[in-house]
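Participant: Numbering (my numbering), first residue to last: 3 to 159.
Note that the Cβ used here is the ideal one computed from N, Cα and C, for glycine as well.
For clarity, every value in this text was computed on a predicted model and none was experimentally measured.
I'd like to ask you about the structure that follows.
Okay, here's the thing in structure tokens:
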């Protein structure tokens with residue numbers, strides 16, 4: 003903000019100034035550790051090719067992405083990694099994506115959960131979850147990476 007003697011205040015937006023003004027320690031704006039945190043994404047699928055490919059694509063797009071191969075592993079990763087978004091297959095051995103999503107929401111209620119599936123069993127799992135008050139975003143397989151990236155960023159493709 004610039005004050006001029008006549009009482010006029012001029013506001014200009016400078017992207018180097020964070021919303022709310024300067025922090026108590028202005029030098030923190032220039033330290034490496036003060037960079038905005040990248041959006042954290044946990045990718046869950048029992049097919050390693052899918053998780054590895056999506057993690058590589060998402061990291062290349064500026065996200066902080068990691069993989070898990072089971073619902074149990076995803077739950078453990080969610081506790082330590084604290085993802086902002088989880089992309090998960092629905093049908094997996096052991097804990098399925100819907101069950102995992104319900105449990106994750108108990109520990110990370112603000113975590114966005116996007117499920118993808120190519121199997122008909124998904125319909126029954128989602129219907130059961132919905133009857134218990136749980137809603138999930140669903141994307142049919144095969145999933146185009148552009149669509150997932152768009153969804154994560156909150157835009158429509």
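1. For residue 46 and residue 90, which I take to be in contact (beta-carbon distance under 8 angstroms), what is that distance rounded to the nearest angstrom?
2. Is DSSP giving residue 91 helix, strand or coil here?
3. Could you name the residues that DSSP lists as bridge partners for residue 162?
4. The beta strand (DSSP E) spanning residue 119 covers which residue range?
5. Determine the direct distance from the alpha carbon of residue 63 to that of residue 138, and round the result to whole angstroms.
6. Suppose the cutoff is 7 angstroms on Cβ atoms and the five residues either side in sequence are ignored; what does the same chain contact list for residue 155 look like?
7. Determine the DSSP secondary structure at residue 110, reduced to helix, strand or coil.
8. Could you tell me how far apart the beta carbons of residue 48 and residue 78 are, in whole angstroms, since I believe they sit closer than 8 angstroms?
9. Can you list, in chain order, the residues of its chain with a C-beta nearer than 7 angstroms to that of residue 85? Leave out the 5 residues immediately preceding and following it.
Facilitator: Working from what's here:
1. 4 angstroms
2. strand
3. Missing from the structure shown is residue 162; the chain here goes from 3 to 159 and no further.
4. 114-119
5. 24 angstroms
6. none
7. coil
8. The Cβ separation is near 15 angstroms, so there is no contact.
9. 42, 43, 44 and 113
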